Amino acid sequence: MDVIPSLDLLDGAVVRLRRGDFADRTVYGEPAAVLDMLDVPRGSRIHIVDLAGSRDGKPVALDVVRRLSSRGLRVQAGGGVRTEADVALWLDAGAERVVVGTVAAENPELLRRFPSDRIIPALDILDGGIRVAGWTQSASRSLTEVLRLVESTGATEILVTDISRDGVLGGPSFALYRQLAALTPLRIIASGGVTTRGDIVSLARLGNVSGCVVGRALLDRRISLDEARARAASPRAIPPRIIPCLDVRDGRVVKGVNFEGIRDAGDPVECAIRYEEEGADEIAVLDISATDRGHATALETVRGIAESIYIPLTVGGGVRTIDDFRALLRAGADRVAINTAAVRRPELIAECANEFGVQAVVVSCDARGRTVMIRGGKDPAGLDAVEWCRRAEELGAGEILLTSVDRDGTHFGFDIELLRAVTGAVRINVIASGGAGEPAHFAEAIESGGATAALAASLFHDRKLTIGAVKQYLANERIPVR
Amino acid sequence: MKGHDVVRPVTLIDSPVANVANIARVLRAAGASLEVTSDPLAVLRSKKVVLPGVGSFVAAMEWLRATRIDDALREIALRRTPLLGICVGHQLLFDSSDEMTTTAGLGLIRGRVSRLATSLPVPQIGWNRVRFNGAALFDGIEPDTPFYFVNSFVAADVPDEIARADYGRAFTAAVQKNNVYGVQFHPEKSSGPGLRVLRNFVWM
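Chains as they are written, first to last, in the working numbering: chain A, 1 to 482; chain B, 1001 to 1204.
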């Protein structure tokens, strides 16, 4: 999948309009300078939106395209293309391809007048229908009719914008692209919603997406082009992990809703063995004992589990000191999660990373909304979750376990907004936790949330869902699984 | 019990910079009769040696030097006693590591260990598919089987590679030179396939 930098042009400069208002614009500078700033190499495809052209209904930024093409960039230009003559003007200016929007839906015949590799039909889609004329009207033809017509012109690639997602924090419209895979053999250039590295990976995994247009996220330096392209090149590098969690109190597995209302759910060793058989990629144990005696029992529980499984074990809960950390590793944990103690004394993260290696240190962040909560989700810590996770990474955390306290135990789904905020801000792996209720929630946490692992407790304990069923669902969605 | 027919003697280096208990348990499950030791003389008497390690290459190497186990390992390698390094134990087999400044390793296998050069999250955590040639260490294992990795550093492009995996770019998942073996993944945490790798080593 190619990552295509996108520039909105107005009056010879790269700009961004706020809500399409030509008077309210952010100016990034002269196009060539902006492309240099973004480290766009020669030979790259770039996407140009001629805003004045769209407004006036005829190509305006021809000179810019001429200059960029002569610098060895492969320009795909659009905005204001209404007629055959407009397409010819862009091509004469050096554009490699011309993006044809409204006309493609209303007059697909125009597409036939040019070689199919010089035209990119663009479809703006809202709720399964095509919108035209600046998104203001429905097209006269249905989506499937237009797709058939476009296919018949010999086109192989279309640019698709999901208008309903424009400016929404949820990321690209993976569901729409997946739906299109079933409707058409056309390859998709995805437009809109890309804000994180995870979005790039998730788009590349879909298989039918051959390119994605990225504007703001590059301009605002949320991601670099180099990195985005590297991520797009290996989208299936490592399968996301599915991690059943055993909440353990006084040697028994328990489960509460919203961290409260606890009930017994069985023997930890038996649960762990069953999970390994079901295909768990890792086991997590969270000690929620309230007393020192309870914590001492938890150490025994960890030992019992570690002796019974052949997959990794991550343990958290009640870890206050480096000695607690060490004791859990000695009991057989591979990695240890620290939470309240790290919030109270962040240096603990660095100390543990130095002593045991970053790979052993998981920082567990419980959040209500975006506020960090401590003491088992009871007290606000007065910290923003994103800031805290970024700090934890700097101090040496090898991974973040991010739990939404609001969602925990509800089965309503993971908090995608929280996940996106954190996975967009840190470079280490993030485990999604809190709220899993069905297989689609895991897919969403990974695909939209950018999580590289997802954890659930009660869902698996209550046998509402097996790990195998979750993985089957993910595999069907083209998300890699072990 | 048929004595030596059902178990094989293996020496496990009792490094403080390792999760020795986990590896010991799985080696026993693989049929090893274990001596867990930090005595270089015991290492010299070994039939087979496993060198575990997690965390810091520098700390692990310092400990090997302080205990003189480094020399013992070089000696048994010369005698062709089978040696298996796991994770940081695998990294220790190479000439050097760039973990902090450049630190010399055991120098049993040519190559250098450096930080994963990738835009993917580091450390790498999870089950990565391993491609191998016909090396005996992977007998009975399906091609492209996933093994569990957790690491920030790797060796890559080394001449004695017998298995590789990709994380942004290709890296060395396992090496073999004569009777010296190393695996970057954690066989003791890689479920059935990991157990099989250890069994292959124990019984080779």
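Ideal Cβ placement from N, Cα and C applies to all residues, glycine included.
Source: prediction; values computed, not measured.
Chain-order list of chain A residues neighbouring Gln1124/B: Ile238, by C-beta distance under 8 Å. Judged by DSSP secondary structure, Ser1114/B falls outside any alpha helix (DSSP H) and instead within the beta strand (DSSP E) spanning 1109 to 1115. When C-beta distances to chain A are compared with 9 Å, the residues of the stretch 1018 to 1036 of chain B below that value are Asn1019, Ala1021, Asn1022, Arg1025, Val1026, Ala1029, in chain order. Apart from the 5 residues on each side of it in sequence, Asn1179/B sits with its Cβ closer than 8 Å to the Cβ of Ala1077, Arg1080, Thr1081, Pro1082, Leu1083 in its chain, given in chain order.
Here Lys1048/B is buried. Its C-beta has 16 or more other C-beta atoms within 10 Å.
Take the alpha-carbon of Val60/A and the one of Val75/A: they are about 15 Å apart. Less than 9 Å separates the beta-carbon of Ala1024/B from that of Leu1034/B. Between the stretch 413 to 433 of chain A and the stretch 143 to 161 of chain A there are fewer than three inter-stretch CB-CB distances shorter than 8 Å, so the stretches are not counted as touching. Cα atoms of Ile1141/B and Trp1127/B: separation of roughly 15 Å, rounded to the nearest angstrom. When Cβ pairs closer than 8 Å are counted between the two stretches, the stretch 302 to 312 of chain A is seen not to touch the stretch 363 to 372 of chain A, the count staying below three. No Cβ-Cβ contact shorter than 9 Å links Val248/A with Asp281/A.
When DSSP assignments are scanned along the stretch 165 to 233 of chain A, the uninterrupted stretches of beta strand (DSSP E) that are 3 or more residues long and fall wholly within it turn out to be 187 to 191, 209 to 214. Asp21/A carries a strand assignment under DSSP once its states are collapsed to helix, strand and coil.
With fewer than 16 other Cβ atoms inside 10 Å of its own Cβ, Phe22/A counts as exposed. As a beta-bridge residue in DSSP terms, Asp2/A pairs with Gly211/A. Within the same chain, Ala13, Val15 come within 7 Å of Val27/A by CB-CB distance, once the 5 residues on both sides are set aside.
Check the Cα spacing between Pro1146/B and each of Arg1028/B, Asn1022/B, Pro1040/B, Pro1187/B: the tightest is with Pro1187/B. Around the beta carbon of Gly1192/B, fewer than 16 other beta carbons lie within 10 angstroms, which makes this residue exposed. For the stretch 1159 to 1187 of chain B, residues whose beta-carbon sits nearer than 7 Å to a beta-carbon of chain A comprise Asp1166, Tyr1167, Gly1168. For the C-beta of Gly332/A, the chain B residues within less than 9 Å are, from N- to C-terminus, Asn1019, Ala1021, Asn1022, Arg1025.
The Cβ atoms of Ser364/A and Ser404/A lie no closer than 9 Å to each other.
A straight line joining the alpha-carbon of Leu123/A with that of Ser289/A spans about 56 Å.
In the DSSP assignment, Gly1089/B falls within the unbroken alpha helix (DSSP H) covering 1088 to 1092.
When Cβ-Cβ separations below 9 Å define contact, Pro312/A makes contact with chain B. Comparing alpha-carbon positions, the option among Lys1177/B, Val1183/B, Ser1152/B lying closest to Arg1164/B turns out to be Val1183/B. Straight-line spacing of the CA atoms in Ala1174/B and Arg1115/B works out to 17 Å. Counting only Cβ-Cβ distances below 7 Å, Ile243/A has no contacts in chain B at all, with the closest Cβ about 10 Å away. Closest option to Pro1123/B, judged by alpha-carbon separation, among Asn1151/B, Gly1107/B, Ala1104/B: Asn1151/B.
Flagged as an interface residue toward chain A: Pro1146/B, by a C-beta distance shorter than 9 Å. Annotated three-state conformation of Ser1033/B is strand, per DSSP. Listed in chain order, the beta strand (DSSP E) runs fully inside the stretch 100 to 126 of chain A are 119 to 126, counting runs of at least 3 residues. One finds Pro1121 in chain B with Cβ atoms closer than 7 Å to the Cβ of Ile428/A, taken in chain order. Of all residues in the stretch 394 to 407 of chain A, only Gly398, Glu399 come within less than 8 Å of chain B when Cβ atoms are compared, listed by chain position. At a beta-carbon threshold of 8 Å, the residues of chain B lying near Gln359/A are Val1054, Gly1055, Pro1123, Ile1125, Val1150, Asn1151, Ser1152, ordered along the chain.
Not one beta carbon of chain B lies nearer than 9 Å to the beta carbon of Phe442/A. If you look at Lys1047/B, you'll find it isn't in any alpha helix (DSSP H); DSSP assigns it neither H nor E.
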